[in-house]
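Just so you know, the protein sequences line up as chains A and B, in that order.
Just so you know, we're using this note's numbering here: the first sequence kicks off at 40 and counts up by one.
Just so you know, we're using this note's numbering here: the second sequence kicks off at 40 and counts up by one.
Here the structure comes first, spelled out in structure tokens, and everything after it is commentary.
Number of protein chains: 2
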Amino acid sequence: MSTRWLDDAEMTAWVRLAAVLELLPGVLDSQLRRDAELTHYEYYVMAMLSEAPKRTLRMTALAQRTNATLPRLSHVVKRLEDRGIVERFPCPEDARATNARLTAEGWKKIRATAPGHVATVRRHVIDVLTPEQISQLADITGAILESVDPEGNLSEVYRR
Amino acid sequence: MSTRWLDDAEMTAWVRLAAVLELLPGVLDSQLRRDAELTHYEYYVMAMLSEAPKRTLRMTALAQRTNATLPRLSHVVKRLEDRGIVERFPCPEDARATNARLTAEGWKKIRATAPGHVATVRRHVIDVLTPEQISQLADITGAILESVDPEGNLSEVYRR
DNA sequence: AGCAAAAGGTTGTAGCTACAACTTTCCTGC
DNA sequence: GCAGGAAAGTTGTAGCTACAACCTTTTGCT
């Protein structure tokens, strides 16, 4: 079976996307690290918790919303717990499960951190695109996510 | 100074892009790791070398084309050298500089690996998009790269 | 009921990346 | 022609992620 190589247009798009994949996380991480001693993933964990009812989510749900594996989340939450940013407690309905909750301190921290982070996202992504491109980007990433998602356990937001 | 938060359309695009940033590298890495014991970054290093004249590039040039810092590249190249995939030798014109060259074995390896990798890229990115979307993606990532790029040392491919 | 399999988490560890510190060579101005 | 700084790499190390192994509780079957 013979390989279908990429033509010029496809190659350009792919090379640039690969560069974004390589560079953008570093930009986000270093702003958050500098201003709040957080990684982008840690920020995302806090953000998902802050939007949940009672600022609480089960580990599995949190892992899904943050696009991470459970082991990764477990390690991260432990570190955040040591820093007083989240707390864990057993889930009453299911003795296997663990709930993670954003503490008052964590809530204060993300409120203080959000403006700087949003400004960074705006500066490097949103504000360099036209409204039309933003809509195109949502469609494009939506299509990619559908194919990347193993068995349909994406968050609702990704659904097209 | 007050924060301009993201509206719904902006938020959707950003959340999805963030998910792609988180998930796509893992997909690429695991295919390459499974089939060739390579990370995506290692593959990229080999690919850039394979396209260069004499399959040779100076470390700085290679770092730039692979969107990485020099320390990172240095570590990676050392490991590839230990595996007989690349070799390093001092640059004749500049005694500070080091050249990296793809070995015959490395050349064979990337030729054997490329079809599987391209198939993965097609499956998860290129083939899920229309030709129009591919062109849009190139423009969008081009704009992001310009803003992310610190002082204009991007490869030519990124220029719009 | 009782047992196997699945679901939910945690822990240990190897490996990769970021950051800082350091060495050597080259360039510039005086 | 020679200091001082920039450029090119390398190395050491701390920290994060992936992967595998493990434990406990729940579910499904019969």
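We put the beta carbon where it would ideally sit given N, CA and C, even for glycine.
These numbers come from a predicted model, not from an experiment.
Using C-beta distances below 7 Å, list every residue in its chain close to residue 86 of chain B, excluding the 5 sequence neighbours before and after it, in chain order.
To locate residue 86 of chain B, count along the second sequence from 1; it is residue 47. Closer than 7 Å at Cβ, skipping near neighbours: 149.
Taking 7 Å as the threshold (beta carbon to beta carbon), is residue 183 of chain A in contact with chain B?
Locating residue 183 of chain A in the first sequence gives position 144, where the first residue counts as 1. For residue 183 of chain A, the answer is yes, since a Cβ of chain B falls inside 7 Å of its Cβ.
Is the region 77–97 of chain B in contact with the region 157–168 of chain B, if contact means three or more CB pairs nearer than 8 Å?
Look at the beta carbons and you see the region 77–97 of chain B not touching the region 157–168 of chain B: under three pairs across the two are nearer than 8 Å.
Assuming residue 81 of chain A contacts residue 45 of chain A (C-beta within less than 8 Å), just tell me the rounded distance between them.
As a working mapping, residue 81 of chain A is identified with position 42 in the first sequence. As a working mapping, residue 45 of chain A is identified with position 6 in the first sequence. Taking C-beta atoms under 8 Å as the contact rule, residue 81 of chain A and residue 45 of chain A fail to qualify, at a distance of about 36 Å.
Quick check on the DSSP output: the beta strand (DSSP E) that includes residue 126 of chain B runs from which residue to which?
Counting from 1 along the second sequence, the entry for residue 126 of chain B is found at position 87. Start and end: 125–129.
Quick test of the definition: if touching needs 3 or more C-beta pairs under 8 Å, does the region 162–179 of chain A touch the region 109–129 of chain A?
no
For the candidate residues A:153, A:178, A:188 and A:111, whose alpha-carbon lies nearest to that of residue 43 of chain B?
The residue labelled residue 43 of chain B in the question sits at position 4 within the second sequence. Its Cα nearest to that of residue 43 of chain B, the residue A:153 stands out among A:153, A:178, A:188 and A:111.
So, with DSSP's three-state summary, where would you put residue 55 of chain A?
Position 16 of the first sequence, counted from the start, is the residue given in the question as residue 55 of chain A. If DSSP states are grouped into helix, strand and coil, residue 55 of chain A belongs with the helices.
For the region 128–198 of chain A, list the beta strand (DSSP E) runs that are entirely contained and at least 3 residues long, ordered along the chain.
As for any beta strand (DSSP E) of minimum length 3 sitting wholly inside the region 128–198 of chain A, the runs are 137–141, ordered along the chain.
When the distance is taken between beta carbons, is residue 62 of chain A closer than 7 Å to residue 71 of chain A?
Taking the first residue of the first sequence as 1, we reach residue 71 of chain A at position 32. Taking the first residue of the first sequence as 1, we reach residue 62 of chain A at position 23. Contact flag unset, no.
Could you check what DSSP says for residue 95 of chain B in three-state terms: helix, strand or coil?
By 1-based counting over the second sequence, the position of residue 95 of chain B is 56. If DSSP states are grouped into helix, strand and coil, residue 95 of chain B belongs with the strands.
So which of B:179, B:108, B:58 and B:47 has the shortest CA-CA distance to residue 183 of chain A?
In the first sequence, counting from the first residue as 1, residue 183 of chain A sits at position 144. Looking at the Cα atoms, B:58 is the closest of the given residues.
CB-CB under 7 Å to residue 83 of chain B, same chain, minus the five flanking residues each way: which ones, in chain order?
For the purposes of this step, residue 83 of chain B is taken as the residue at position 44 of the second sequence. Closer than 7 Å at the Cβ level, and outside the excluded window around residue 83 of chain B, lie 105.
For residue 66 of chain B and residue 187 of chain A, which I take to be in contact (beta-carbon distance under 8 Å), what is that distance rounded to the nearest angstrom?
As a working mapping, residue 66 of chain B is identified with position 27 in the second sequence. As a working mapping, residue 187 of chain A is identified with position 148 in the first sequence. Confirmed, about 6 Å.
Taking its Cβ as the centre, do 16 or more other Cβ atoms sit within 10 Å of residue 141 of chain B, making it buried, or is it exposed?
Your numbering for residue 141 of chain B matches position 102 in the second sequence. Under this definition residue 141 of chain B is a buried residue.
Assuming residue 86 of chain A is part of the alpha helix (DSSP H), what are its boundary residues?
In the first sequence, the residue the question calls residue 86 of chain A occupies position 47. Element bounds for residue 86 of chain A: 79–90.
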